[in-house]
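S.K.: Can you read through this structure? Questions will come right after.
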Amino acid sequence: MAKPAATAPPDFSQLAEQRAYLMKIARLELRDEHLAEDMVSETIAQAFEHRASFRGDSSMRTWLTTILKNRIVDHLRRQWREQPLDPGPAVDEDFDPLFDSSGHWSQIPSDTPDPEQLCSQDAFLGAVRMCVEKLPQRIAQVFVLREVFGSDTKELCKDLGLTSSNVWVQLYRARVMLRMCLEKGGFAPEGVSA
Amino acid sequence: MNVPTKKKDDGAVMITCKQASVLLSKREDMPLGRMDAVKLKLHLALCSFCRNVARQFAGIRLAMQRLRDRD
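Just so you know, the protein sequences line up as chains B and U, in that order.
Positions 25 to 218 (the numbering used here) are the ones given, in order, by the first sequence.
Positions 557 to 627 (the numbering used here) are the ones given, in order, by the second sequence.
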């Protein structure tokens, strides 16, 4: 049931206003300036072509993000088909150095403030961005789709042709690698640490 | 009644930090099963190290949203 359009179809300049935002998330996902430019330009062109189908019941940013995400997952699927993902060791065997033989932390996690307090520090956000850039490419691709594009695990499986256990292993790896990277001072931004 | 009698810890109520860290990540992506949720809650009640890791994972999630949304 199509609801009557709440807003007039967007004009080109309204779409183009979202370009900077789309570039920011495309860069995080793709780590390739030219590819990100291409994907974002195609997204805006496609959105303009189909502007009559924009109903205004989601924000324009959300609508454009979905179009961009679909282009990106098509691209990743093609790329991964040519170079299949090595699933790596099962998660149980992973990160063994982090834990002793009885499953306790061998390196004690640092005292960490709550998320709001952490994220009020630009230094923390900067450290997270730097650590994401250091993740292995494919782990980062899955992680950024999850956390930035907001795909849930079902979508990730369907979009990327991965099993659900593969998806959550990749996400677990990403989070553990990020926290290891952030343990080098990232969790104790100035003024927060004891 | 689920009593931790087995040597191998599958099924035991008490889980290790290693198992807790897997569940802490998993719950960011899907609702945990009832038993897993209970095991994790119990572990977190007893383990300040894993409570820190829980805040770290939550902080990473929030940071990604902030990096996306701030201009």
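Ideal Cβ positions, reconstructed from N, Cα and C, are used throughout, including at glycine.
If you reduce the DSSP assignment to three classes, tell me which class residue 123 (chain B) lands in.
M.R.: DSSP places residue 123 (chain B) in strand when its eight states are reduced to three.
S.K.: The ligand FAD and residue 206 (chain B): does the residue's C-beta get closer than 6 angstroms to at least one heavy atom of that ligand?
M.R.: This structure simply doesn't include the ligand FAD, nor any ligand for that matter.
S.K.: Just how far apart, CA to CA, sit residue 622 (chain U) and residue 149 (chain B)?
M.R.: Spanning the two alpha carbons is a distance of roughly 8 angstroms.
S.K.: Anything in the segment 592-624 of chain U with a Cβ closer than 8 angstroms to a Cβ of chain B? List those residues in chain order, please.
M.R.: Those would be 605, 606, 608, 609, 611, 612, 613, 614, 615, 616, 617, 618, 619, 620, 621, 622, 623, 624, in chain order.
S.K.: So with CB distances below 7 angstroms, who are the chain U contacts of residue 86 (chain B)?
M.R.: In chain order: nothing, as chain U lies at least about 12 angstroms away.
S.K.: Measure the CB-CB distance between residue 611 (chain U) and residue 135 (chain B) and report whether it falls below 7 angstroms.
M.R.: No; because the gap between Cβ atoms is not below 7 angstroms, this pair is not in contact.
S.K.: How big is the Cα-Cα spacing for residue 56 (chain B) and residue 164 (chain B)?
M.R.: So the alpha carbons of these two residues sit roughly 13 angstroms apart.
S.K.: Would you grab the beta carbon distance between residue 128 (chain B) and residue 572 (chain U) for me? Rounded to a whole angstrom, and I think it's under 8 angstroms.
M.R.: Sure, about 7 angstroms apart at Cβ, within 8 angstroms.
S.K.: Just to confirm my understanding: we take residue 97 (chain B), look at its own chain, exclude 5 residues before and 5 after, and list those with CB closer than 6 angstroms. What are they?
M.R.: Correct list, in chain order: 183.
S.K.: I want to verify the contact list: residues of chain U whose CB lies under 9 angstroms from the CB of residue 175 (chain B), in sequence order.
M.R.: What residue 175 (chain B) touches in chain U: nothing, since even the nearest Cβ is about 10 angstroms away.
S.K.: Mind pulling the alpha helix (DSSP H) runs of 4 or more residues that sit fully within the segment 565-603 of chain U?
M.R.: Correct list: 573-582, 590-602.
S.K.: Between residue 570 (chain U) and chain B, is the shortest Cβ-Cβ distance under 7 angstroms, so that the two count as touching?
M.R.: Chain B, which has no Cβ nearer than 7 angstroms to the Cβ of residue 570 (chain U), makes this no.
S.K.: Identify the contact partners of residue 203 (chain B) in chain U, using a Cβ-Cβ distance below 8 angstroms as the criterion.
M.R.: Here the neighbours are 609, 612, 613, 616.
S.K.: Let me know if residue 151 (chain B) comes out buried or exposed under the rule of 16 or more other beta-carbons within 10 Å of its beta-carbon.
M.R.: The residue in question, residue 151 (chain B), is buried, as its Cβ has 16 or more Cβ neighbours within 10 Å.
S.K.: Quick check: residue 604 (chain U) and residue 199 (chain B), are their CB atoms within less than 7 angstroms of each other?
M.R.: Cβ distance not < 7 angstroms, so residue 604 (chain U) and residue 199 (chain B) don't count as in contact.
S.K.: At a CB-CB cut-off below 7 angstroms, which residues of chain U make contact with residue 172 (chain B)?
M.R.: In chain order: 620, 624.
S.K.: Going by DSSP, what residue range makes up the alpha helix (DSSP H) through residue 182 (chain B)?
M.R.: Counting along the chain, the alpha helix (DSSP H) containing residue 182 (chain B) begins and ends at 177-184.
S.K.: If you draw a straight line from the C-alpha of residue 47 (chain B) to the C-alpha of residue 615 (chain U), how long is it?
M.R.: About 24 angstroms.
S.K.: Is the segment 580-596 of chain U close to the segment 187-199 of chain B, with three or more CB pairs under 8 angstroms?
M.R.: With the cut-off at 8 angstroms, the segment 580-596 of chain U and the segment 187-199 of chain B touch.
S.K.: At what residues does the alpha helix (DSSP H) containing residue 132 (chain B) begin and finish?
M.R.: Residue 132 (chain B) -> no alpha helix (DSSP H), and no H or E assigned at all.
S.K.: Which value, in whole angstroms, describes the spacing of the CA atoms of residue 67 (chain B) and residue 171 (chain B)?
M.R.: Going from the Cα of residue 67 (chain B) to the Cα of residue 171 (chain B) covers about 20 angstroms.
S.K.: Looking at chain U, which residues of the segment 130-142 of chain B have a Cβ within less than 9 angstroms of any of its Cβ atoms?
M.R.: Taking 9 angstroms as the Cβ-Cβ cut-off against chain U, the residues of the segment 130-142 of chain B that qualify are 132, 133, 134, 135, 136, 137, 138, 139, 140, 141, 142.
S.K.: Residues in its own chain within less than 7 angstroms of residue 92 (chain B) by CB, not counting five upstream and five downstream?
M.R.: These residues qualify, in order along the chain: 46, 50, 63, 64, 67.
S.K.: Report buried or exposed for residue 595 (chain U), applying the criterion of at least 16 other Cβ atoms within 10 angstroms of its Cβ.
M.R.: Residue 595 (chain U) is buried by the Cβ-count criterion.
S.K.: Residues of chain U with a CB under 7 angstroms from the CB of residue 199 (chain B): which are they?
M.R.: Correct list: 581, 613, 616.
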